[in-house]
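Worksheet for the structure shown next.
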Amino acid sequence: MYRLLGLAFSFIAAMGLLAWAVAPREEAGVRAGQPATEASPVAHFDDDPQIMRLKRDSSGQFHLTAQVNGQDTRFLVDTGADLVALTERDAEELGFNLPEGDFQPIMQTASGVGYGAPVMIDELTLGESTYRDVEAVVVRDLGVNLLGQSVLRRFARVELKGDQLVIRH
0 MYRLLGLAFS
10 FIAAMGLLAW
20 AVAPREEAGV
30 RAGQPATEAS
40 PVAHFDDDPQ
50 IMRLKRDSSG
60 QFHLTAQVNG
70 QDTRFLVDTG
80 ADLVALTERD
90 AEELGFNLPE
100 GDFQPIMQTA
110 SGVGYGAPVM
120 IDELTLGEST
130 YRDVEAVVVR
140 DLGVNLLGQS
150 VLRRFARVEL
160 KGDQLVIRH
C-alpha cells in the first residue's frame, strides 16, 4: 500500500509533464516493436560504451530507446518517477496482458483517479548494460513510457550538463 502511495505522489509531481507528453507530435518516438532507427538521434555513446549522452529535445525533455524483453521501446527519462511506467499499448505489445482487476487506483489528479497495474520487466537493456527484474507499472491513459528510478538508481551516475543528460552505467 505504501509503495502505491509513493508511486502516486511521484506521478502527481509528473502530471504537468505528462499532460504535455500526451499531445500528439511528430517526434513522439518509437513504439514497441518498431526499429530504433525511426527515432530521432537524441542519444549516443561516447568512446566508452558505459557513458551515454542524451540531448535535450526541443521541448526540453530527454528521450531514449531501450530494449524491453528484446523489443525496442521509447522512453522519456523521468527522474521524478519511482518506477518505470509503461503505456497500456506498449505493455500489450511487450506481452503484458493484464486483466481489468489488476488495475488499482494509484494517484489522484484534477481530472480524476489514475489507475495502474504493477508488472516485472524481465530484462531492460540500454547500450551494453542489461538490467533484470525491473519493477514497473502499466498506467492507464499514459501517453509516453517513463524511465523512472527502478532503472535510474541502478546507474553509477545520472548527471545534467547543460543540454545533455549524461548516464554512466
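Residue numbers (numbering that gives the first Met the number 0): 0 to 168. Beta carbons are placed, not taken as given, at the ideal position from N, Cα and C, and that holds for glycine. Predicted, not measured: the structure shown is a model, and the values here were computed from it.
- Residue range 83-86 is occupied by the beta strand (DSSP E) that includes Ala84.
- In this structure, Val76 sits near Leu146, with a CB-CB distance shorter than 9 Å.
- DSSP, read as helix, strand or coil, puts Asp89 in helix.
- Asn144 is not a Cβ neighbour of Thr108, given a cutoff of 9 Å.
- With 16 or more other Cβ atoms from the protein chains shown falling within 10 Å of its own Cβ, Arg73 counts as buried.
- The three-state secondary structure of Glu127, taken from DSSP, is coil.
- The Cβ neighbour count for Val133, taken over all protein chains shown within 10 Å, is at least 16; the residue is labelled buried.
- When only Cα atoms are considered, Thr78 and Asp71 end up about 21 Å apart.
- Assignment of Gln148 by DSSP, reduced to helix, strand and coil, places it in the helix class.
- Nearest to Arg156 by alpha-carbon distance, out of Gln148, His168, Val150, is His168.
- For Asn68, the closest of Met51, Met119, His62 by C-alpha to C-alpha distance is Met119.
- When secondary structure is reduced to three states using DSSP, Gly111 falls in the strand class.
- Bridge partners of Val133 according to DSSP: Ile120.
- Per the DSSP secondary-structure output, Phe74 pairs in a beta bridge with Leu63.
- Of the candidates Val83, Val150, Val112, Val136, Val150 places its Cα closest to the Cα of Tyr130.
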